[in-house]
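Residue numbering for the sequence shown follows the numbering used here, beginning at 1106 and increasing consecutively.
Ideal placement from N, C-alpha and C gives every residue a C-beta, glycine not left out.
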Amino acid sequence: VKIDVDQNQSLANRFQVRGVPTMMLFKNGEVVWRQSGLLSKEQILQAIKAA
C-alpha cells in the first residue's frame, strides 16, 4: 500500500515514519521489517523472502 504522508500524518506518526520513502513489511499485523531510502527490486524481494 502506498501512503501519502502529507495527507496521512497521523498514520505516519503512528509508525514513526521520518524519511521518505520508507518501506515496511507486516506479518499478522506486526511490523517485521522496515527500511528508509531507495531500494532496488532485488533488495525488496530479498526482504520479502526473509520476512
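query, result
"Spatial distance of Ser1115 from Leu1144 (CA atoms)", "25 Å"
"Reference Gly1124; option with closest CA among Lys1154, Asp1109, Ala1152, Lys1146", "Asp1109"
"Met1129 and Val1136 closer than 8 Å at C-beta", "yes"
"Pick from Gln1148, Asn1133, Val1106 that is closest to Val1140, judged by C-alpha positions", "Per the sequence shown, the amino acid found at residue 1140 is Gln instead of Val. Considering only alpha carbons, the answer is Gln1148."
"Proximity of Lys1132 and Ala1156 at Cβ, strictly below 8 Å", "yes"
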